[in-house]
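Residue numbers (this note's numbering): -10 to 335. Written below as C-alpha cells is the structure these notes are about.
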C-alpha cells in the first residue's frame, strides 16, 4: 500500500515536471527575447535534466531505508525488468540528482560573474559554454560509479539489514535490486563504503556553499547599489533578488535538507549509540517536487515570461471570441450558403 502511494506521487511529479519544464523550454527557445543566449541554453539544459531525473525515478522507483549504521538503497519496482537494469537505473538516478545541484552552482557562478566580473563572461560564451554543460556530468558520473565501487551488496551488508527489511517491507533482501551502505564492520572499524558518504557530503556541501556565497554576495551588492538606481531599475533588481531567493530556497528545501539525514544517519548513529529505523525513501518524493517548483518559480518571477504567457492566453481568448462572433465553430461544423454540413473531427 505504501509503495503504491509512492508510485502515485512519482507519477504526479513526473507529469508535472514534464509539462512545466517542457513549457519553460518552449517559451525560452521560441518566445523569450531579452535573456542572453548563454543563459537561455542553461535554462533549457537545467529543465531537461529535471525531466530526465523524474523519468529515471519513474522507471527505477528508488527507495531508501536507514537502519542504525546502514543505508539500503533499493528499487521497489514490480516490473519484469532485470535486477541488473533496475540496479543500474537507481545508480543513474543518483547521478542525475547530483547533477542538478552541481548545475545550480554553475548558474549562480554565471550570474555572479555577470554582475561583478563581466569581462569573464567570455568563458561562458560560444563553444566554451559546452564545457560548463559537461561539467555536472563529472561529479554525476562519480556518484554513479561510487555506488558500484563501494556499495555493491555483499554478505555482510545483506545480513546486517535482512531482518529489518523483512519486518518493515516483507521482502527478502536478496530479491531486491539494491546498493547497501554499511559504515562500520563488526569490530567498529570504518569500511570502504564510508568514502561514498564522505564524497557525497563533500561534493554537495561545497557546491551548496558556492550557491550560498554567490547568492549572498549578489544580494548585498544589489541592496548597496539600489540607492543610486532609478525606480525602474529598483523594480528589476528586486525581481532579480526574488528569483535568487526562490532558487536558493528550492534546492535547500527539496534537495539538500532531504539528503542530509539520509547520508549522515549511518555515520552518526553507531557513534552516538542511537538506534535508527527510518523509511527515508519518502524524502525522495519531496525531491521529486523540485524540478516543477523551480520552473514555476522562474516563470512566475521573471517579468518577460509572465508577459509572454499573458500574451499567449490573450491570443487564445481573442481567437475564440472572433470565432464565436463570426458564428463559426471550426472543430465540428462548416457553414456553406445557409446549409449546414456537420464535419466530425477525430
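From the three backbone atoms N, C-alpha and C, an ideal C-beta is built for every residue, glycine too.
Selection from the options that minimises the alpha carbon distance to residue i
i	options	result
residue 147	252, 167, 128, 205	167
residue 69	122, 94, 48, 60	48
residue 14	3, 0, 35	35
residue 145	127, 164, 170	170
residue 165	291, 246, 150	150
residue -6	188, 283, 198, 65	65
residue 122	163, 241, 57, 29	29
residue 40	300, 23, 88	88
residue 85	129, 187, 142	129
residue 190	250, 139, -8, 155	250
residue 21	142, 297, 304, 52	297
residue 44	10, 305, 300, 103	10
residue 272	12, 107, 52	52
residue 274	301, 244, 258, 33	244
residue 290	248, 231, 282	231
Range of the contiguous alpha helix (DSSP H) that encloses residue i
i	result
residue 247	246 to 261
residue 128	126 to 139
residue 81	72 to 105
residue 123	117 to 123
residue 242	Counting along the chain, residue 242 falls outside any alpha helix (DSSP H), and DSSP gives it neither H nor E.
Inter-residue CB distance, residue i and residue j (contact presumed, cutoff 8 Å)
i	j	result
residue 38	residue 113	Contact flag wrong, Cβ pair sits at about 18 Å.
residue 220	residue 137	57 Å between Cβ atoms; not a contact.
residue 100	residue 276	That belief does not hold up - the Cβ atoms of residue 100 and residue 276 are roughly 24 Å apart, past 8 Å.
residue 254	residue 267	7 Å
residue 57	residue 265	6 Å
residue 94	residue 205	Going by Cβ atoms, the distance from residue 94 to residue 205 rounds to 14 Å, so no, they are not a contact pair.
residue 248	residue 193	6 Å
Residue i - containing beta strand (DSSP E), residue span
i	result
residue 60	59 to 64
residue 338	The structure shown has nothing for residue 338, since the chain only spans -10 to 335.
residue 280	That residue, residue 280, is in no beta strand (DSSP E); its alpha helix (DSSP H) goes 279 to 290.
residue 56	51 to 56
Residue i, buried or exposed, once every other Cβ within 10 Å from all chains shown has been counted against 16
i	result
residue 62	buried
residue 195	exposed
residue 83	buried
residue -3	exposed
residue 270	buried
residue 0	exposed
residue 55	buried
residue 203	buried
residue 181	exposed
residue 46	buried
residue 256	buried
residue 323	Unreliable placement is indicated for residue 323, whose pLDDT of 36 sits below 50; the coordinate value is still reported in the next sentence. Per the 10 Å Cβ criterion, exposed.
residue 3	buried
residue 318	Note on residue 318: pLDDT 45, under 50, position unreliable in the model; no value is reported.
residue 178	exposed
residue 133	buried
residue 162	buried
residue 18	exposed
residue 76	buried
residue 295	exposed
residue 6	buried
residue 105	exposed
Whole beta strand (DSSP E) elements within the region 139 to 198, 3-residue minimum: 167 to 171
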